[in-house]
Structures are given as C-alpha cells and as structure tokens.
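One structure below.
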Amino acid sequence: RKVIDLMLKKKFDITHNDIKKVHKLLMQDIDTTLGYKKLPNYLFGRNVETTPPERVEGEITKLIEWYKENRKSEHPLKISALFHGEFEKIHPFEDGNGRVGRVLSNAILINDGYPPLIIRKSQRESYLKVLESSDTGAQINLERFFLDKYKKTFRSFFKVYAQYI
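Read in order, the letters of the sequence shown are residues 997 to 1161 in the numbering used here.
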C-alpha cells in the first residue's frame, strides 16, 4: 500500500533514492539486508551472472540515465520491459529484486499515464523463462511478454467492466 501511495503521490523519478525506498517498503517485514547488495547473489533457476556488488551503483546509474534519455522516444511499454530486463540482470539487492523491478516497471507506465501491468503468480514460470532469454540478448521476448500480459490485463478489466454497465 505504501509503495502504491509513493508512486501515485508524485511523479516517480526513478532515482537511486526512490529505488532504495521501494526496496525498503517492500522488504520491511522480511529479514534481509536493505540497500544495494554487499555480497554476490546467485539466481536459482536462471543461468545468468549478476552484477558484482562493487559495480551495482554504477550500473544502476547507467540504467537510470538510459531511462531518462529514452523515455520520450520509445513507447512506455517497451521502456518498461527493457528497464525491467536490465534491472533484473543487475540484481542490485540481496533479496526482493523481482518485486522491486516489477514496481519500477509499473512506475514507468504510470508516469506516462498508463495503467499498471499485472503479472500473475500462475505466469511465474513463463515470466522467468522470458527473463532468462532477455538476459542473453533476446529483449524482444520480454517486450512481447509484457505486451501479451498487458492485453490480457485489459481483456480481464473490460470483461468485468462490461458486467457493470
């Protein structure tokens, strides 16, 4: 709830401080180190090497700069997907990277006037598979996945909406 309030209260800037604040809010009831990781992390079920702790801040800075440079020239859904894929590859936190990454992706959409993207728990396996293909350079797969989930979200919304009009 606090994360949603944070995103809706002001235009979410996507800065180091905002990213860390989202992580803190999402992880407040979980025993984990807050802030960027101090030790390397290993991803079970994904064949990808994450960014070493000493390079995280610099890689996140590059990602933020990329976002700010490209957000007006590309569609928000594409920016959201590409940002998410790169964020997950960096994997800046000890725990909670997926949750933070999905919140940031939705912040990008909301900032540009789009509703949030919903990835259901039942879609986790296909989501992880697409993330892994994105890790190896096939970002188009993540873009297509986001677009497909966006379409399904809207279909569900309009199906419910139609029942009430």
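Beta carbons: idealized from backbone N, C-alpha and C, even for Gly.
Out of F1153, S1118, A1077, state which residue places its alpha-carbon closest to the alpha-carbon of F1141.
-> A1077
Buried versus exposed call for P1036 [16 or more other C-beta atoms within 10 Å across all chains shown] = exposed
Exposed or buried, S1152, counting other C-beta atoms within 10 Å across all chains shown (16 or more means buried)?
-> exposed
Roughly how many angstroms separate the alpha carbons of R1051 and H1019, rounded to a whole number?
-> 18 Å
Contact under 8 Å by Cβ, K1085 with V1044 | yes
So the alpha helix (DSSP H) D1091 belongs to, where does it begin and stop?
-> Here D1091 belongs to no alpha helix (DSSP H), and DSSP marks it neither H nor E.
Spatial neighbours of Y1110 in its chain, beta-carbon cut-off 8 Å, leaving aside the 5 residues before and after = P1072, L1073
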